[in-house]
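First to last, the sequence lines map onto chains A and B.
FYI, the numbering for the first sequence is 9 to 223, going by my numbering.
FYI, the numbering for the second sequence is 1358 to 1690, going by my numbering.
We put the beta carbon where it would ideally sit given N, CA and C, even for glycine.
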Amino acid sequence: MAETIGYDEMVRMLRGAAEKVTTQHEMLSKLDAAIGDGDHGTAMRRAMVCLVKAVADNRSRDLASVLNDVGWAILSAGGGSTGPLFGTFFMGMGEAAAERATLDAAALAEAFEAALAAVRKQTKAEPGDKTMIDALVPAVEGLRAAVEEGLDPAEALERAADAAQQGAASTKDMLARFGKAKNLGRRTLGTPDPGATSVSLIFRGFADGLAAGGT
Amino acid sequence: MAMKKFINDPDNLVSELLEGYALLHAGKIRVTGSGMVVRAKPKDEGKVGVVTLGGSGHEPALSGFVGEGMLDISVAGEIFAAPGAPACLEALKAAERGAGVLFVVLNHPGDVLAANLTMEMAEKEGLNVKQLLTHEDIAGGPRSEPEQRRGLVGCIPLYKLVGAAAEAGRSLDEVLAIGDAYERNMATLAVAVTSATHPATGEAMFELADDEMEIGMGQHGEAGTGCTKLKSADETAETMLEMLLKDLNVQSGDQLLVMINGSGATTLMELFIIFRRVHQVLTEKGVKVACSRVAEDLTVQEMAGFQMHIGRLTDEMVDLWNAPCDTPFMTVR
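So, in structure tokens, the structure goes:
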């Protein structure tokens, strides 16, 4: 298994995330139609098209550079809240990866913690508010815990993906307090948050993407 | 019911509508590759620029008000979704004429996120930009909690006032002060009677029974103050106006701007009838309707309903409202 994440491994993770989200975009839009305006899947699909293009166009073989390009491309995709939140996520990772050729498990945890911090700077949403934060916080905490236990990056990412999935599922019983869904109040009960679901798909895609190319 | 709209590939909705709009109004505006609608003839050097951002699907808003005396640039996003911060940053730079730029943002989650990121980037680059947030939907929350209130059609008169002040050569601080003063003195309330279909997803945006209306509905179908049985034009107008007057604490002797904005499928016939009743009630109360507009400025596809907007005006604001402007959807000579 990969002991460290270099440029090629990161590209596999990014492409894995894009593939996972893209194949599920209709499901995301259905969730959003129930509690938002139904365009989250379309916005995420657009964001992932930008991600894939940014990865293809980036020939730097530099971790920070490809993450920064991906973040900027997703920001540029707009899409309401999707662009700013997911864009800053990748730009936060990129900043943490600056000057590093590879990320070991601890550095990977740091990069995800920086990504989470960048997102939290943009939104006042707290865990329990039925947003992407409800999947992102457990994913990053799960990854950190796995690293502390001595797991390698691939195993730690699997753990993060599981935690994100549970976090996303937990939003089903929450009352939305942010975004357009907030205005629907109790009508949001029973449907998981589309943004949290996207985070869960992205982490599963990271894990799958890394595993797919691993030896 | 299946969606009945004249569209092509939903992915190209925004690029195709902007293309048509640019061809139609080539003398007044042009559209750039990054979704910016800009004045065909840039503003003179030394004057404050006015920029806004917002999702598409609300035509003619927001880009219909780009032109002399109103907006310099409107950054158009996807359907009901804010554009990206990079495009907004590009717009702020393009609108700079040496006197700074006012960035008008409607209070919606995605718009605010994109705008805040843009402001961070603008600050890093040392741009002279001031942000003005509009939040006047009285159904969103009490006046003491402006962050709970959405930005509705009040942005249009606001563009007019700040645009006229900018065109008159006022400084960025002065333009901001005028905009801020109007923002604090405006109130809007929406009512919906039928839903709209999201043109990209084909899904109904909300549900309303045949004999119901919902007061306080947001412009994307966000829930309002609850459904009630459909009432007559006069009853509806009176109920909504009463809520607005109370919220703004309007007194006899005040002068107001009144706007009745159709949401897309409500006829001008109905809007005139509503406006007539609003005008009657205000006159009875000794409140002067100094400025008024009945139009479909900010629509929500084929939603039936309207937004009722009032704003308390100073004499200076009346002059700014009456100052010349030349945009595709508002012209004053």
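I want to know whether the segment 151-166 of chain A touches the segment 127-135 of chain A - three or more CB-CB distances under 8 Å.
Counting Cβ pairs under 8 Å, fewer than three are found: no touch.
* What are the residues of the segment 31-50 of chain A that lie near chain B, defined by any Cβ-Cβ distance shorter than 8 Å? -> Closer than 8 Å at the C-beta level to chain B, one finds these residues of the segment 31-50 of chain A: Ser-37, Ala-41, Asp-45, Gly-46, Asp-47 and Thr-50.
Review point. Where in the segment 1372-1431 of chain B do unbroken runs of the beta strand (DSSP E), each at least 3 residues long, occur, reported from the N-terminal end onward?
Key: Runs of beta strand (DSSP E) with 3 or more residues, each lying fully within the segment 1372-1431 of chain B, are found at 1386-1388, 1393-1396 and 1406-1413, listed in chain order.
**OP:** Please check the pair Asp-137 of chain A and Phe-186 of chain A, which I expect to be a contact at CB under 8 Å, by giving their CB distance rounded to whole angstroms.
**Re:** Numbered from its first residue, the first sequence carries residue 137 of chain A at position 129. Numbered from its first residue, the first sequence carries residue 186 of chain A at position 178. With a Cβ gap of about 5 Å, Asp-137 of chain A and Phe-186 of chain A count as contacting.
Check: Mind pulling the chain B residues with CB within less than 9 Å of Phe-186 of chain A?
Finding: Within the first sequence, the letter at position 178 stands for residue 186 of chain A. Proximity of chain B to Phe-186 of chain A at the Cβ level (cut-off 9 Å) is accounted for by Pro-1466, in chain order.
field: Whole-Å CB distance - Lys-1645 of chain B paired with Leu-1625 of chain B, under 8 Å assumed
entry: To locate residue 1645 of chain B, count along the second sequence from 1; it is residue 288. To locate residue 1625 of chain B, count along the second sequence from 1; it is residue 268. Contact doesn't hold; Cβ gap of about 24 Å is too wide.
Determine, for Gly-102 of chain A, whether the minimum Cβ-Cβ distance to residues of chain B falls below 9 Å. In the first sequence, counting from the first residue as 1, residue 102 of chain A sits at position 94. Not one chain B Cβ lies under 9 Å of Gly-102 of chain A.
Secondary structure of Asn-1542 of chain B, DSSP reduced to three states: For the purposes of this step, residue 1542 of chain B is identified with residue 185 of the second sequence, where counting begins at 1. Correct three-state label for Asn-1542 of chain B: coil.
| query | When burial is assigned at 16 or more other CB atoms within 10 Å of the CB, is Gly-1412 of chain B buried or exposed? | reply | Here the question's residue 1412 of chain B lines up with position 55 in the second sequence. Counting Cβ neighbours within 10 Å, Gly-1412 of chain B comes out buried, since at least 16 surround it.
Residue closest to Glu-103 of chain A, alpha-carbon to alpha-carbon, out of A:Thr-90, A:Val-78 and A:Ser-89:
Taking the first sequence and counting its residues from 1, one reaches residue 103 of chain A at position 95. Nearest option by C-alpha distance: A:Val-78.
Legend entry - Inter-residue Cα distance where the pair is Gly-46 of chain A and Arg-1527 of chain B: Sequence index remark: in the first sequence, residue 46 of chain A carries index 38 (1-based). Sequence index remark: in the second sequence, residue 1527 of chain B carries index 170 (1-based). The straight-line gap from Cα to Cα measures roughly 43 Å.
Answer with buried or exposed for Gln-173 of chain A, where buried requires no fewer than 16 other C-beta atoms within 10 angstroms of its C-beta. Start at 1 with the first residue of the first sequence, and residue 173 of chain A comes out as number 165. When all chains shown are included, Gln-173 of chain A counts as buried.
- Query: When the Cα atoms are used, what is the spatial distance from Leu-1628 of chain B to Leu-1546 of chain B?
  - Reply: The residue you call residue 1628 of chain B lines up with position 271 of the second sequence. The residue you call residue 1546 of chain B lines up with position 189 of the second sequence. Using only the alpha carbons, I get a separation of about 14 Å.
Closer than 9 Å at the beta carbon, the chain B residues around Lys-85 of chain A = Taking the first sequence and counting its residues from 1, one reaches residue 85 of chain A at position 77. With the sequence shown as reference, residue 85 of chain A is identified as Ala, and Lys is not the correct amino acid for it. Ordered by position in chain B, the residues that pass the 9 Å Cβ test against Ala-85 of chain A are Glu-1435 and Gly-1441.
Exercise for the section: Indicate whether at least one CB of chain C lies closer than 9 Å to the CB of Met-1687 of chain B. Expected result: You won't find chain C in this structure, because its protein chains are A and B.
**Message:** Counting only Cβ pairs nearer than 9 Å, list the residues of chain A close to Ala-1471 of chain B.
**Reply:** Numbered from 1 along the second sequence, position 114 holds the residue referred to as residue 1471 of chain B. Per Cβ cutoff of 9 Å: Leu-83, Gly-86, Gly-88, Ser-89, Gly-91 and Pro-92.
Taking the alpha carbon of Ser-1609 of chain B as the point to measure from, which residue in B:Gly-1643, B:Gly-1497 and B:Lys-1586 has its own alpha carbon closest? As a first step, residue 1609 of chain B is located in the second sequence; it is residue number 252 there, counting from the start. It is B:Gly-1643 whose Cα lies nearest to the Cα of Ser-1609 of chain B.
### Own chain partners of Leu-1463 of chain B with C-beta closer than 7 Å, once the 5 adjacent residues on each side are dropped
What you label residue 1463 of chain B is simply residue 106 of the second sequence in a count that begins at 1. Excluding positions up to five away in sequence, the list reads Gly-1411, Thr-1491, Gly-1508 and Cys-1512.
When you compare the CB positions of Gly-1520 of chain B and Leu-1428 of chain B, do they come within less than 9 Å of one another, or not?
On the second sequence, position 163 is the one that residue 1520 of chain B refers to. On the second sequence, position 71 is the one that residue 1428 of chain B refers to. Their beta carbons are under 9 Å apart, which means Gly-1520 of chain B touches Leu-1428 of chain B by this criterion.
* Determine the chain B residues that contact Gln-130 of chain A at a beta-carbon separation under 8 Å, and present them in chain order. => Numbered from 1 along the first sequence, position 122 holds the residue referred to as residue 130 of chain A. Ordered by position in chain B, the residues that pass the 8 Å Cβ test against Gln-130 of chain A are Leu-1470, Asn-1473 and Leu-1474.
For this session: Would you mind giving the Cβ-Cβ distance between Gly-1392 of chain B and Ala-1444 of chain B, rounded to the nearest angstrom? I have them listed as a contact below 8 Å.
Result: The residue labelled residue 1392 of chain B in the question sits at position 35 within the second sequence. The residue labelled residue 1444 of chain B in the question sits at position 87 within the second sequence. In this structure, Gly-1392 of chain B and Ala-1444 of chain B form a Cβ contact; the two beta carbons are roughly 6 Å apart against a cut-off of 8 Å.
query: Does the segment 1432-1444 of chain B come close enough to the segment 78-92 of chain A that 3 or more CB-CB pairs lie under 8 Å?
result: The segment 78-92 of chain A, when compared against the segment 1432-1444 of chain B, does touch it at the 8 Å Cβ threshold.
Inset, instruction - Between the Cα of Tyr-15 of chain A and those of A:Ala-51, A:Arg-69 and A:Val-63, spot the shortest distance and give me the residue it belongs to. - result: As a working mapping, residue 15 of chain A is identified with position 7 in the first sequence. With distances taken between Cα atoms, Tyr-15 of chain A lies closest to A:Arg-69.
How many angstroms separate the CA atom of Ala-162 of chain A from the CA atom of Ser-73 of chain A? Here the question's residue 162 of chain A lines up with position 154 in the first sequence. Here the question's residue 73 of chain A lines up with position 65 in the first sequence. About 22 Å.
Contact criterion: CB-CB distance below 9 Å. Does Ser-1431 of chain B meet it with respect to chain A? Start at 1 with the first residue of the second sequence, and residue 1431 of chain B comes out as number 74. Chain A contact via Cβ: absent.
My understanding is that Leu-1489 of chain B touches Val-1461 of chain B, with C-beta atoms under 8 Å, so please give their C-beta distance in whole angstroms. One-based indexing of the second sequence puts residue 1489 of chain B at position 132. One-based indexing of the second sequence puts residue 1461 of chain B at position 104. About 5 Å separates the Cβ atoms of Leu-1489 of chain B and Val-1461 of chain B, confirming a contact at the 8 Å cut-off.
Problem - Ala-215 of chain A vs Leu-159 of chain A beta-carbon contact at 9 Å - result: Reading the first sequence from its first residue, position 207 is the one you call residue 215 of chain A. Reading the first sequence from its first residue, position 151 is the one you call residue 159 of chain A. It is not a contact, given that the beta carbons lie outside the stated cut-off.
Original post:
By a C-beta neighbour count over all protein chains shown, 10 Å radius and 16 as the cutoff for buried, is Pro-92 of chain A buried or exposed?
Top reply: Numbered from 1 along the first sequence, position 84 holds the residue referred to as residue 92 of chain A. By the neighbour-count rule (16 or more Cβ atoms within 10 Å), Pro-92 of chain A is buried.
#### Entry: Coil, strand or helix - Ile-210 of chain A by DSSP
For the purposes of this step, residue 210 of chain A is taken as residue 202 along the first sequence, with counting starting at 1. Residue state for Ile-210 of chain A is assigned as helix, using DSSP reduced to three classes.
Minimum C-alpha distance to Lys-1400 of chain B - residue among B:Phe-1422, B:Ala-1379, B:Ala-1452 and B:Leu-1380: Reading the second sequence from its first residue, position 43 is the one you call residue 1400 of chain B. The residue with the shortest Cα to Cα distance from Lys-1400 of chain B is B:Ala-1452.
Discussion item. Against chain A, does Leu-1598 of chain B count as a neighbour if the rule is that its beta carbon must be under 9 Å from one of theirs?
Written reply: On the second sequence, residue 1598 of chain B is found 241 positions in, with the first residue counted as 1. Not one chain A Cβ lies under 9 Å of Leu-1598 of chain B.
Exercise for review: Run the CB neighbour count on Asn-1369 of chain B, radius 10 Å, all protein chains shown included, and call it buried at 16 or more, exposed below.
Suggested key: Taking the first residue of the second sequence as position 1, residue 1369 of chain B is located at position 12. When all chains shown are included, Asn-1369 of chain B counts as exposed.
Review point. Would DSSP call Phe-1632 of chain B helix, strand or coil?
Key: Here residue 1632 of chain B refers to the residue found at position 275 when the second sequence is read from its first residue. Three-state result, Phe-1632 of chain B: helix.
- Ala-1652 of chain B beta carbon less than 9 Å from that of Met-1616 of chain B: As a first step, residue 1616 of chain B is located in the second sequence; it is residue number 259 there, counting from the start. As a first step, residue 1652 of chain B is located in the second sequence; it is residue number 295 there, counting from the start. Yes, they are a contact pair.
According to DSSP, Lys-1645 of chain B sits in a beta bridge with which residue or residues? Here residue 1645 of chain B is taken as the residue at index 288 of the second sequence, counted from 1. The partner list for Lys-1645 of chain B (beta bridge, DSSP) reads B:Gln-1612.
Please list, in chain order, the chain A residues whose beta carbon lies closer than 7 Å to that of Glu-1560 of chain B.
Within the second sequence, numbered from 1, the residue matching residue 1560 of chain B stands at position 203. Simply Ala-41 and Gly-46.
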